[in-house]
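*Asks:*
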Amino acid sequence: MIRFLKAGSIPWLLAHEVRLGWRGMDGKQGEKKEGLSAGKAMLILLIGLALLGLVGGGVGLAFLVSEFPLTASPMAALIATGAMGAILTLMLTHAINASVQALYQRGDLDLLMSSPLKPRVVLTVRLIAIAVVAGLLYYILITPFVLAAWALGQPHWLALYGLIAGLTLIATTLSLGVTMGLFALIGPRRTRVAAQVTAGFVGAAAFLASQIYNFTRPRDDEEGASALAELFQSWAASDAFQDGGWGTWVLRAVLGEPLPLILFLAAGLIVFAVTTTALARRFAENAAAAVGDRAGSKPRRVADRAFAAGLTRVMVQKELRLLARDPQLLSQVLLRLLYLLPLGFILFRNAQSGVGVAFGAGAVVIMAGQLAGSFSWITISAEDSPELLRSAPVQQGRVDRAKLYAALIPAMSLTAVALAGLAVIAPLASVVVLIGCLAASASAGLINIWRQKPAQRRDFQKSRKGSLLVGLAEFLVGALWAAATGLAVAGQIWALLPAALAVGFTLMLRRSPEKIAAAAALS
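What follows is the structure, encoded as structure tokens:
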């Protein structure tokens, strides 16, 4: 479509920004690859299956709401307002990362600023592109349901399109404020990492908030309503969610009332327009500072360190230091631990249940495998001078083993925290879980060794996404080890079956050292 637009025009620039934003969602950062690889084919297959499930679920939900129409009530208003807040939070996490990439990381602002376009136009176009990309996923999710509900005689659900548009404008505006605030406080170099960490913690906070019910619900042997249910009932009984209250405006917009929907859209447009106009000058100044910062920096002087004795110790210490200097990776690891807090809380609440301990054991094994996969992917594939290591008078297997040890040390150290908590509940089960964690971590590390794609570390900083095939294999093998561990904790002999499958799938991905070296030379 972009070829039919006049080059240099605002619509042409907007179409170009949307294309780059969509391409950036896949982590390619502007690079273009020809051909259909196995990873892309698997991705297309998964997307097709997901779309089929999405259409089926949307049509089924449309039939459900046609049989049981949504009516105005204080509890419905409370749920609608809470859902809007949750969607806004998720949009904000994506918009913050997209803002950093589009505003300060892409590297083309110096060209745009030297063009006849005004900074306000450049900022507006980029923010519109961010809003389009941020809202596109939600439009895809709701379209099957909305169209089916419309066909079944409930056209008021079309108002969801307007609500999503307003939310994307508000989320994009907030993301711009967060990005520029971070830029002013910590400078351009640290803004990218800080923004991604902030977005991650916002997403983790939303996830933990969604698990409040599990924190507050009664035990299985207790009766009565949960504290959260009582709190919701008290909120619904307040004046805000009664007829005419401010808390009913979202529900009224969903039900198709024009005034709340128009006011919601108008508020988003006004905030968006005022923000872009007011921050245009600051945006131009920050863009110039970002370009100047990328031009070069003074090398830091560090203290001399004594070499460790032995190749393995040298490699392990080097990789551990590099991992410690990667705050983005550390933040992602911390977020994964935060995501396990609800599971740990539920596990301790139901410590007497054997089923609960078995499920908790499987979750700990999955966590260990995922942590080992993340660390080993960085240590094995991220190398600033892979050709130097290949030409060194040492066997590549020793280098890979040393890097694998460096990846397993932090992974198992963090897993030990969960194992210690599990040992308090079920000491014998914790021994079985330890074996499962070691097996899952070793499998993830071996998969990354056999399927490594060496690249410079700065390329990994641009995109944290690895091979889709490796990611799927790690998840599948980790799930099989988790199933085997859970069944073993439950005392089932069937635990041998998923364990054997995990070993088999891992060995299927094995490549000889010659093939690994050939693949590394081509990467």
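Mapping to the numbering used here: the sequence shown position 452 is 452, numbers consecutive. Note that beta-carbon positions come from the ideal geometry of N, C-alpha and C, so glycine has one too.
#1: Following the continuous alpha helix (DSSP H) through L404, name the residue where it begins and the one where it ends.
#2: Around the Cβ of P393, are there at least 16 other Cβ atoms within 10 angstroms (buried) or fewer (exposed)?
#3: Cα separation between R252 and T93?
#4: Count the other CB atoms within 10 Å of the CB of I186; is the residue buried (16 or more) or exposed (fewer)?
#5: Give the secondary structure of A237 by DSSP, where H, G and I count as helix, E and B as strand, and everything else as coil.
#6: Cα separation between T71 and V202?
#7: Which of the three DSSP states, helix, strand or coil, is assigned to A382?
#8: Got a sec, what are the start and stop residues for the alpha helix (DSSP H) T248 sits in?
#9: Hey, quick one: how far does the alpha helix (DSSP H) through S73 stretch, first residue to last?
#10: Could you check where the alpha helix (DSSP H) with W157 kicks off and where it finishes?
#11: Could you tell me if D239 is buried or exposed, where buried requires 16 or more neighbouring beta carbons within 10 angstroms of its beta carbon?
#12: Could you check what DSSP says for K318 in three-state terms: helix, strand or coil?
#13: Okay, do the region 157-171 and the region 52-60 touch, 3+ Cβ pairs below 8 Å being the bar?
#14: Are L176 and T276 close, meaning C-beta to C-beta below 9 Å?
#15: According to DSSP, is R120 helix, strand or coil?
#16: Check each candidate in S99, V365, S376, P69 and name the one with the smallest Cα separation from A195.
#17: What do you get for W246, buried or exposed, if any count of 16 or more other CB atoms within 10 angstroms of its CB means buried?
#18: Taking three-plus beta-carbon pairs below 8 Å as touching, is the region 481-497 in contact with the region 402-419?
#19: Report the three-state DSSP secondary structure of L167 (helix, strand or coil).
#20: So, at 8 Å on beta carbons, what are the nonlocal neighbours of R325 in its own chain, with the 5 sequence-adjacent residues on each side left out?
#21: Please report the distance separating the alpha-carbon of I130 from that of V18.
#22: I'd like the list of long-range same chain contacts for L415, defined as Cβ closer than 6 Å, with 5 residues on each side in sequence excluded.
#23: Are the beta-carbon atoms belonging to G445 and A372 less than 9 Å from one another?
#24: Alpha carbon to alpha carbon, how far is A15 from A237?
#25: Count the other C-beta atoms from every protein chain shown that fall within 10 angstroms of the C-beta of G362, then say buried if there are 16 or more, exposed otherwise.
#26: How big is the Cα-Cα spacing for R603 and V274?
#27: The alpha helix (DSSP H) spanning L263 covers which residue range?
#28: Is the beta carbon of A500 closer than 9 Å to that of L487?
#29: What did DSSP end up calling G27 once you bin it into helix, strand or coil?
#30: Looking at the structure shown, is K33 part of a helix, part of a strand, or coil, going by DSSP?
#31: Thinking C-alpha only, which one of W157, F283, L322 is nearest T124?
#32: Taking C-beta to C-beta, are I380 and L323 nearer than 9 Å?
#33: Quick one: what's got a C-beta closer than 8 Å to A76's C-beta in the same chain, skipping five residues either side?
#34: Can you check which of these residues, L259, Q370, L160, is closest to E474 by C-alpha distance?
#35: Closer than 6 Å by C-beta to D320: which residues in its own chain qualify, once you throw out the five before and the five after it? Chain order, please.
*Replies:* If we stick to the structure as given:
#1: Taking the sequence shown and counting its residues from 1, the one referred to as residue 404 is at position 404. Run containing L404: 396-425, per the alpha helix (DSSP H) assignment.
#2: As a working mapping, residue 393 is identified with position 393 in the sequence shown. Exposed: under 16 other Cβ atoms inside 10 Å.
#3: Position 252 of the sequence shown holds residue 252. Position 93 of the sequence shown holds residue 93. Distance from the CA atom of R252 to the CA atom of T93, rounded to whole angstroms, is 27 Å.
#4: Numbered from 1 along the sequence shown, position 186 holds the residue referred to as residue 186. By the C-beta density criterion, I186 is exposed, having fewer than 16 other C-beta atoms within 10 angstroms.
#5: Within the sequence shown, numbered from 1, the residue matching residue 237 stands at position 237. In this structure, A237 counts as coil in the three-state DSSP scheme.
#6: Within the sequence shown, the letter at position 71 stands for residue 71. Within the sequence shown, the letter at position 202 stands for residue 202. For T71 and V202, the distance between alpha carbons rounds to 32 Å.
#7: Taking the sequence shown and counting its residues from 1, one reaches residue 382 at position 382. If DSSP states are grouped into helix, strand and coil, A382 belongs with the strands.
#8: Counting from 1 along the sequence shown, the entry for residue 248 is found at position 248. For T248, there is no enclosing alpha helix (DSSP H), as DSSP marks it with neither H nor E.
#9: Residue mapping note: residue 73 aligns to position 73 of the sequence shown, counting from 1. DSSP places S73 in no alpha helix (DSSP H); its state is neither H nor E.
#10: In the sequence shown, counting from the first residue as 1, residue 157 sits at position 157. Careful: W157 lies outside any alpha helix (DSSP H) and carries neither H nor E.
#11: Working through the sequence shown from its first residue, we reach residue 239 at position 239. It counts as exposed.
#12: Numbered from its first residue, the sequence shown carries residue 318 at position 318. Helix, per DSSP.
#13: Output reads no: the region 52-60 does not touch the region 157-171.
#14: Mapped onto the sequence shown, residue 176 falls at position 176. Mapped onto the sequence shown, residue 276 falls at position 276. Yes; because the gap between Cβ atoms is below 9 Å, this pair is in contact.
#15: Here residue 120 refers to the residue found at position 120 when the sequence shown is read from its first residue. When DSSP states are grouped into helix, strand and coil, R120 belongs to the helix group.
#16: Here the question's residue 195 lines up with position 195 in the sequence shown. For A195, the closest alpha carbon among the candidates S99, V365, S376, P69 is that of S99.
#17: Counting from one through the sequence shown, the residue named residue 246 turns up at place 246. By the neighbour-count rule (16 or more Cβ atoms within 10 Å), W246 is not buried but exposed.
#18: No, because fewer than three Cβ pairs between the region 481-497 and the region 402-419 fall closer than 8 Å, the two stretches do not touch.
#19: Locating residue 167 in the sequence shown gives position 167, counting from the first residue. The three-state secondary structure of L167, taken from DSSP, is helix.
#20: In the sequence shown, counting from the first residue as 1, residue 325 sits at position 325. Apart from sequence neighbours up to five positions away, no residue of its chain approaches R325 with a beta-carbon distance below 8 Å.
#21: As a first step, residue 130 is located in the sequence shown; it is residue number 130 there, counting from the start. As a first step, residue 18 is located in the sequence shown; it is residue number 18 there, counting from the start. One C-alpha to the other measures close to 7 Å.
#22: Position 415 of the sequence shown, counting from 1, holds the residue named residue 415. Residue identity differs from the one stated: residue 415 is Thr in this sequence, not Leu. So the list reads A368, C437, once near-sequence residues are dropped.
#23: Against the sequence shown, residue 445 aligns to sequence position 445. Against the sequence shown, residue 372 aligns to sequence position 372. Yes, they are a contact pair.
#24: The residue given as residue 15 occupies position 15 in the sequence shown. The residue given as residue 237 occupies position 237 in the sequence shown. Straight-line Cα distance between these residues: approximately 47 Å.
#25: Here residue 362 corresponds to residue number 362 of the sequence shown, with the count starting at 1. The residue is buried, with at least 16 neighbouring Cβ atoms inside 10 Å.
#26: In the structure as shown, the chain starts at 1 and stops at 523, and residue 603 therefore has no counterpart that could be examined.
#27: Working through the sequence shown from its first residue, we reach residue 263 at position 263. It spans 258-278 - the alpha helix (DSSP H) in which L263 sits, taken as one unbroken run.
#28: On the sequence shown, position 487 is the one that residue 487 refers to. On the sequence shown, position 500 is the one that residue 500 refers to. Not closer than 9 Å, so no.
#29: On the sequence shown, position 27 is the one that residue 27 refers to. Only weak support is given to the placement of G27: the predicted model assigns it a pLDDT of 46, under 50, and the value that follows is read from those uncertain coordinates. Of the three classes helix, strand and coil, the one that applies to G27 here is coil, per DSSP.
#30: Numbered from its first residue, the sequence shown carries residue 33 at position 33. Unreliable placement is indicated for K33, whose pLDDT of 47 sits below 50; no coordinate value is reported for it.
#31: Here the question's residue 124 lines up with position 124 in the sequence shown. Residue F283 holds the alpha-carbon nearest to the alpha-carbon of T124 among W157, F283, L322.
#32: Locating residue 380 in the sequence shown gives position 380, counting from the first residue. Locating residue 323 in the sequence shown gives position 323, counting from the first residue. No, Cβ-Cβ distance for I380 and L323 is not below 9 Å.
#33: Numbered from its first residue, the sequence shown carries residue 76 at position 76. Beyond the five residues adjoining it in sequence on each side, A76 comes within less than 8 Å, by CB distance, of L70, L251 in the same chain, given in chain order.
#34: Position 474 of the sequence shown holds residue 474. Out of L259, Q370, L160, Q370 has the C-alpha closest to the C-alpha of E474.
#35: Taking the sequence shown and counting its residues from 1, the one referred to as residue 320 is at position 320. Reading off the sequence shown, one finds Leu at residue 320, where the question assumed Asp. Excluding five sequence positions before and after L320, the CB atoms of its chain that fall closer than 6 Å to its own CB belong to A406, given in chain order.
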